[in-house]
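Working notes for the structure below.
Have a look at this one:
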């Protein structure tokens with residue numbers, strides 16, 4: 004569970020730097036479905052606990068990235084950070 008929390012927190016941080024809030028629900032849904040498939044042979048309570056840990060760590064990482072975004076962008080106003088901001092779809 005600790006590894007799951009760390010990796011989902013990192014994923015949340017990366018998503019928070021790159022995308023807006025709307026992306027959280029699809030990522031939580033896809034990640035929860037993947038966890039349910041991976042943990043299909045485990046006890047149901049462990050699967051639910053893994054999904055809760057995944058969703059909460061993902062959101063916590065996202066919030067941490069949102070809090071750090073102004074600090075990162077204020078450090079170097081002359082430096083262009085390609086990861087900050089929303090992506091442009093062509």
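In our numbering, the protein residues as written are 4 to 93. Glycine included, every Cβ here is placed at the ideal spot set by N, Cα and C.
Own chain residues within Cβ distance below 7 Å of residue 13, not counting five before or after | Cβ within range, chain order: 64.
Give me the Cβ distance between residue 19 and residue 52, rounded to the nearest whole Å; I'm assuming they're in contact under 8 Å.
-> Your pair residue 19 and residue 52 does not check out as a contact, with CB atoms roughly 24 Å apart and the cut at 8 Å.
In chain order, which continuous runs of the alpha helix (DSSP H) of length 4 or greater are located wholly inside the stretch 6 to 89?
-> Counting only runs of at least 4 residues, the stretch 6 to 89 fully encloses the following alpha helix (DSSP H) elements, listed from N- to C-terminal order: 27 to 41 and 47 to 78.
8 Å Cβ shell around residue 61 - same chain, five flanking residues per side excluded | Leaving aside the five residues that flank residue 61 on each side, the residues in its chain whose CB is nearer than 8 Å to its CB run, in chain order, 11, 12, 14, 15, 18, 27, 30, 31 and 34.
Taking 8 Å as the cut-off, decide whether the C-beta atoms of residue 46 and residue 7 are in contact.
-> The beta carbons of residue 46 and residue 7 sit no closer together than 8 Å.
By Cβ distance, which residues of its chain are closer than 6 Å to residue 54, with the 5 residues on each side in sequence left out?
-> Once the five neighbours on either side are set aside, the close Cβ partners of residue 54 are 35 and 38.
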